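Reading through the structure tokens given below for one structure.
In our numbering, the protein residues as written are 218 to 905.
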């Protein structure tokens, strides 16, 4: 059979080249997908911050090695697939030879240059240490793969004997065109053997990632892990592409259909239970309020009743929550005694849970102050273990008919627990949520961690206090939010309670639970999908406390916002710009997204108005607008560079513990320091 279609040369010039390009890109589609996906991830806010972190940690050498392996693998597998005999392309031989020869080279070069572009956008250490090395490496790589044939011929002529044609750089040609072959012939050379080596390495990494994604994540930087995964996953993807094109069977489509079918019964995202403590063993909220009054009131004089609402926003919200709560705890000796409850969402719930666990036992093995120990625990890289679990066991599980492999939720929760234990020397975050109490047996500060119940769209609150009517002299908390532990029917770990509130879509999976028949009975997701500030739950806590404490109720409401672009004045939140592009198609989607955001913004404003209407003091800690020179907010993922950590602390603090000055943000920091001063004045003198 001829390798090219008849009369192909008679096609118009643009048609011939367009057909050749489309045909070529279809053959190398897996390499193209890996290239685009990695470049897009690095261009995101989290990716930019990770590049900055690589520069700060002086890991750019191994990152450049990872980029080289990744870009080289993209070129290699595109080259292999384009050297295989497939059904006739729709153009002439000369046009196809042009694209067969140059497409892999350009894809490999783009691998280096797209990373360079992302490093330039990140700025700082990333630009200084990665931009020009990636540019130069790309040029060197392009030159090597372009002139490898000429080099191979010269080297082959220097070799004696019949094996000269098997030189590892040598690629046979006839009439200036690559010789087309079957898969095994194309693999039976130095390039093919290198591809086989990558397949073997990828298999070993797959086994490691499935068996222990946390240790893999701790071993690799996230970006290096991404490059290694892409390079070692390409052999499998390219083999699938080869079989699909050879047999004319849409294998990737069939795999997707299989994953959709298996999703009916292969859910591996069940929320972990914890035996030992019944949800009914939790103290009732009224009992906790009575105990709070007994502890904080003397001779008719009661301290401030403190309720904190802390917003979501990934790790930046967790770190900012830790900065604020850590500062309040460190500078106000009676703060945790008067703090009754924290209503958290998403990253704010993570920060609140770390704070509560730290407040239970002090700094432990950590030699810094309370705030800095807390920020050490919150500032670790939790994205790498999550990514390893996502790329290996969780991705594989999607194509298995049964729930056999652990999910990425488990990896993130275990990483949180290990990160906390590494700083404090105690495994507090794996403790019972229902049995949460401090060393004196106090049930407060209580945690109210807000998730969204996907079955109803409403709140599903994990509370360390019982919320239903327990005895005749007690009243139910509220008919609106549902008690998460009662719905689940079992206790959970502190990490699970925090994560159930912080299951950001697609980054973390929806958490599920099963009924007695083993069927999935419900699912929950990130609390920010309902309301991102925890404000509605905070208002309900305040209302209930006002009814119970009566004249002993003197509230201080603290709101921690983690949106740098939110207005300082909560009552003056302006609408965004009108967008006209594809308005018929996209307006509804934009409205749904804006409605979710507005629900949270109005909840925060409602909390502030409630405080004003009920003679409550109100303290507002908010993140600052982005630095105009940097042009980016701290990221929303689960890892922060040192630069991002210092930026977040600068919203409240003048200096970090190394006594290095921060970039000034006077107006914002002044507001937050005033809020801290107000809290000091209301709650007691600062510690010596």
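Ideal placement from N, C-alpha and C gives every residue a C-beta, glycine not left out. Being a predicted model, the structure only gives us computed values, none of them experimental.
Exercise for the section: Using 10 angstroms around the beta-carbon of residue 808, count the other beta-carbons present and answer buried if the total reaches 16, otherwise exposed. Expected result: exposed
Problem - Status (buried if at least 16 other CB within 10 Å, exposed otherwise) for residue 584 - result: exposed
Handout entry: residue 587 vs residue 546 beta-carbon contact at 7 Å
Key = yes
Exercise for the section: Counting only the same chain and skipping the five closest in sequence on each side, list residues whose C-beta sits under 6 Å from that of residue 683. Expected result: 499, 501
Problem - For residue 415 and residue 492, the rounded distance between their alpha carbons - result: 44 Å
Practice task
Within 10 angstroms of the Cβ of residue 515, are there 16 or more other Cβ atoms? Answer buried if so, exposed if not.
Solution key: exposed
Exercise for the section: Output the boundary residues of the alpha helix (DSSP H) element that contains residue 314. Expected result: 310-339
Problem - Cβ-based neighbour list, residue 306, same chain, cut-off 6 Å, excluding 5 preceding and 5 following - result: 240, 313
Problem - Which listed residue (271, 322, 698) has its alpha carbon closest to that of residue 365 - result: 322
Exercise for the section: Kindly list the residues whose CB is nearer than 8 Å to the CB of residue 235, restricted to its own chain and excluding five residues on each side of it in sequence; keep chain order. Expected result: none
Exercise for the section: Taking all protein chains shown into account, decide if residue 662 is buried (16 or more other Cβ within 10 angstroms of its Cβ) or exposed. Expected result: buried
Practice task
Note the first and the last residue of the continuous beta strand (DSSP E) segment covering residue 667.
Solution key: 663-670
Exercise for the section: Please list, in chain order, all residues of the same chain as residue 749 whose beta carbon is under 6 Å from its beta carbon, the five residues on each side excluded. Expected result: 528, 529, 562, 817
Exercise for the section: With a threshold of 16 other CB atoms inside 10 Å of the CB of residue 349, please say whether the residue is buried or exposed. Expected result: exposed
Problem - Test item: CB-CB of residue 842 and residue 772 under 7 Å - result: no
Exercise for the section: Pick helix, strand or coil for residue 463, following the three-state DSSP scheme. Expected result: helix
Exercise for the section: Identify, in the order they occur along the chain, each residue of the same chain with its Cβ nearer than 8 Å to the Cβ of residue 874, setting aside the five sequence neighbours on each side. Expected result: Residue confidence for residue 874 is low, a pLDDT of 42 falling below 50, so the modelled location carries little weight; the figure read from the coordinates is stated next. 585, 586, 589, listed in sequence order.
Problem - Under the three-state DSSP convention, the category residue 584 falls into - result: coil
Handout entry: Beta-carbon separation (whole angstroms), residue 900 vs residue 549, contact threshold 8 Å
Key = 5 Å
Practice task
Please name the residue in 538, 709, 819 whose C-alpha comes closest to that of residue 525.
Solution key: 538
Exercise for the section: Helix, strand or coil for residue 521, going by three-state DSSP, please let me know. Expected result: coil
Exercise for the section: Pick helix, strand or coil for residue 638, following the three-state DSSP scheme. Expected result: helix
Exercise for the section: Under 6 Å Cβ to Cβ from residue 642, same chain only, skipping five residues before and after it: list those, please. Expected result: 581, 582
Handout entry: Under the three-state DSSP convention, the category residue 437 falls into
Key = coil
Problem - Euclidean distance between Cα positions of residue 392 and residue 311 - result: Confidence at residue 392 is low in this model, with a pLDDT of 46, below 50, so the placement of that residue should be treated as unreliable; the coordinate-derived value is given next. For residue 392 and residue 311, the distance between alpha carbons rounds to 10 Å.
Exercise for the section: Could you round the C-beta distance between residue 628 and residue 606 to whole angstroms and report it? I think they count as a contact, below 8 Å. Expected result: 4 Å
Practice task
Mark residue 878 as exposed unless 16 or more other C-beta atoms lie within 10 angstroms of its C-beta, in which case mark it buried.
Solution key: Only weak support exists for where residue 878 lies, its pLDDT of 46 falling under 50; the value from the coordinates is given anyway. When all chains shown are included, residue 878 counts as exposed.
Practice task
For residue 262, I'd like the list of residues in its chain whose CB is within less than 7 Å of its CB, leaving aside the five on either flank, ordered along the chain.
Solution key: 849, 850, 852, 853
Handout entry: residue 868 versus residue 503: straight-line alpha-carbon distance, rounded
Key = 36 Å
Exercise for the section: Below 6 Å CB to CB, which residues in the same chain sit around residue 294 once its five sequence neighbours on both sides are set aside? Expected result: 248, 451, 455
Handout entry: Secondary structure of residue 649, DSSP reduced to three states
Key = strand
Practice task
Could you tell me if residue 665 is buried or exposed, where buried requires 16 or more neighbouring beta carbons within 10 angstroms of its beta carbon?
Solution key: buried
Problem - residue 243 burial status per 10 Å Cβ neighbour count (16 or more: buried) - result: exposed
Practice task
Could you tell me which residues DSSP puts in a beta bridge with residue 558?
Solution key: 524, 663
Exercise for the section: Would you grab the beta carbon distance between residue 647 and residue 712 for me? Rounded to a whole angstrom, and I think it's under 8 Å. Expected result: 7 Å
Practice task
With DSSP collapsed to three states, give me the class of residue 841.
Solution key: coil
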